[in-house]
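In the working numbering, the protein residues as written are 4 to 318. Backbone N, C-alpha and C define an ideal beta-carbon position, used for all residues, glycine too. Small disclaimer: the values here were computed from a predicted structure and weren't measured.
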Amino acid sequence: MARSDKKHRNKCNKAKLMKKFDDFTVTGKTNGSECVNPSGIVDKLDKTHISNSSTSESGIDYPLDLWYLISEHIKPEDVGKFSVICKSSYYVTRTGKFWFHLYKRYYKPLPYLPERLRPECMVLLHGIRACVIRTLHFTYFSSLEKVNKNPYLEQEEPHSLVKRRCCLMWHKKGENHWFYYFKLKDISNNVNTTKNNCISNIINEEFHENNMLEEVAINPENNCRILRVTCLNYGMIPLVNSLILQSVKMDLSPGFKHHRLHLNFSSNYSSKVPTHVVILSGVVDCKVIDWWHPCYPHHDRVIDIPLPAVESWDS
C-alpha cells in the first residue's frame, strides 16, 4: 500500500510540473525563420536580421583637431594603442607634428646623445619618426628600467636571428677584446609590409598628404638587427654578405672556460645544408641589438642646414 501511494504522489507531482511549464509563453516576436519548440524556447535566430542591425549602426566621426589635442597627452609606450583607435588617430601618429611634440616633451640634454638626435638636427621631416624613437630610448625608456631587473632575462638569444639575411659584417678591436658585428635583416616580413603599405596608401589618399607622411616614416634600418659577438682573440672568418642565416649553435670551447659560436649560412632560404660556416672561439658575450637600442651602431649623416640671410633696412 505504501509503494502504491508513493507512485500515485509522483504522478501527481509530474502532472503539476507539466502544467507549470505550459503556463510559460514567449512574449518576444519571432521571424519566419525562427523555430519554437513545444517548451516555448526559440531554437534558431535570424542571422541576417542580426547582421543588418549591427552593420546599420555607425560611430561618431570626431574632427582631426581633437585627435591632435589628445595626442599631446599620450605617453611614448601608449603610441601603438592610440594609433589603432581609428583612421584619424593613425594618421596623427604618422605626422611630423606628433613626433616633434613627443620629442620636445621628453628631450634631455645628455652628453652622450648622438649629434643627429640633438635639437639643432631635428628640424627636418626626413626620418623624424625613427630619430624620435631612438631619442626616447636614451632619455625616457632607459629611466624606466628598475635596478632589480636582470638585463639578461630580457636579452634575446642569437637563435631569434635565424632566416635573416646578412647585409653587412665587420669587426673592430677594443681595449681587451675583439668585436664582431653581423647586420641581419628580416626578409620574411614582405607580406606584412605590403599590407601595411596598402593601409598607409588608403590613409594617404583620404588625407591627401602622401609625400609628407613618407618622409616622416623613412627608416633605412627598419627590420634590421645587429648580432654583436665579443671574443678574446682575433680569428679569420669567411665573408657571409647577402647570405641567409640557417642555424645557430653555442657550445663550450675545448678549455671549458669560454663559449664557441657556430653560425651556418647558405644562399637559399629553405636550404638545410650550409655553404658557409662561421666559428668564433673564446666568446665572452653575445648580444642581439635592435635598431632603436642606444648600442646600435648607426652611421648617421649630419645634414648642414643653411640659415636664412640676415635682412636689414640698410641694404
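Using the C-alpha atoms, what's the distance from Val287 back to Val232? 8 Å
- prompt: With 16 as the cutoff for other CB atoms within 10 Å, does Pro122 come out buried or exposed?
  reply: exposed
*asked:* Less than 6 Å between C-beta atoms, sequence neighbours within five positions excluded: which residues of the same chain meet that for Ala133?
replied: Asn222
TODO: Taking Ile131 and Trp102 to be in contact with their CB atoms under 8 Å, please state how far apart those CB atoms are, rounded to whole angstroms.
DONE: 5 Å
**Prompt:** Applying the criterion that 16 or more other CB atoms from any shown protein chain within 10 Å of the CB defines a buried residue, is Cys170 buried or exposed?
**Reply:** exposed
| task | Report all residues from its chain with a CB closer than 6 Å to the CB of Glu224; omit the five preceding and five following residues, and keep chain order. | result | Trp294
* To do: Taking only the alpha-carbon atoms, compute the straight-line gap between Leu1 and Arg97 and give it to the nearest angstrom.
  => No statement about residue 1 is possible, as the shown extent of the chain runs from 4 to 318 and does not include it.
Exercise. Which two residues bound the contiguous beta strand (DSSP E) that contains Cys170?
Worked result: First-last of the beta strand (DSSP E) with Cys170: 167-176.
> In three-state terms, what does DSSP make of Lys111?
Replying inline: coil
task = Ignoring anything shorter than 3 residues or poking outside the stretch 224-311, list the beta strand (DSSP E) runs there in chain order.
result = 227-234, 247-255, 262-269, 279-293
Among Leu116, Cys234, His262, Cys227, whose alpha-carbon lies nearest the alpha-carbon of Val291? Per the C-alpha coordinates, the member of Leu116, Cys234, His262, Cys227 positioned closest to Val291 is Cys227.
_Based on DSSP bridge pairs, tell me the residues matched to Asp189._
Per DSSP, Arg167.
### Task
Taking 8 Å as the threshold, find out whether the stretch 234-249 comes into contact with the stretch 175-193 through three or more Cβ pairs.
yes
**OP:** Please classify Tyr71: does DSSP put it in a helix, a strand, or coil?
**Re:** helix
- Note the first and the last residue of the continuous alpha helix (DSSP H) segment covering Ser86. Ser86 -> alpha helix (DSSP H) spans 82-86.
ask   = What's the gap between the Cα of Glu160 and the Cα of Lys100?
value = 37 Å
Taking only beta-carbon atoms, is Cys227 less than 8 Å away from chain D?
Going by chain labels, chain D is absent from the structure shown, which holds only one protein chain.
In the DSSP assignment, find the alpha helix (DSSP H) that holds His140 and state where it starts and stops.
131-142
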